[in-house]
Amino acid sequence: MGRKRHILVDTLGLLLAVVVTSASVQDRDGARLLLRHLPGGCKKLRRIWVDGGYGGRLIDWVARRFKFCLEGMLRPRETRKFVLLPCRWVVERTFDRLNHSRRLSKSYERLTRTDETWVYIAMTRIMLRRLT
């Protein structure tokens, strides 16, 4: 039973929202769930950088419903090797920091809501460590 973690972070890599779904859920559907769970403090969002998996009708849906734009961070077509995308590394760095938490290295939880709670707990620990 696989799981996917869909996260929304700010430019510092601090977690704004998380939704855990089964691995069979497509990225676009997971993004819709994630954006529906945005806290009230995220009303000032204007732009969200996403990778190539979040495209199609999702961009129009977000523009209509939330009044901000999804901007795709795609690799240039002419390159065939690895290219570091400017803003994508922030999310990957956050996933890496979360995976250092032993509880999140594997999915031990039966309920996805419990898994989301452990992600918030791990991020709280990371944020407190950065303050000290």
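Position 129, counted from 1, in the sequence shown is what UniProt numbering calls 129; the numbers after and before it change by one each time, with no gaps.
All residues carry an ideal CB built from backbone N, CA and C; glycine is no exception.
Counting every other CB atom within 10 Å of its CB across the protein chains shown gives Glu-71 a total below 16, marking it as exposed.
Looking at the backbone, the Cα of Arg-97 and that of Tyr-54 are separated by about 23 angstroms.
Taken in chain order, the complete beta strand (DSSP E) segments of 3 or more residues contained in the UniProt domain "Transposase IS4-like" (2-125) are 3-9, 15-22, 47-50, 69-72.
Contact check for Gly-2 and Ala-23: beta-carbon distance about 3 angstroms, within the 8 angstroms limit, so the pair qualifies.
When the alpha-carbon of Trp-49 is set against those of Leu-74, Glu-109, Leu-14, the nearest one is in Leu-74. Here the alpha carbon of Met-127 sits roughly 15 angstroms from the alpha carbon of Asn-99. In this structure Glu-92 is exposed. Its beta-carbon is surrounded by fewer than 16 other beta-carbon atoms within 10 angstroms.
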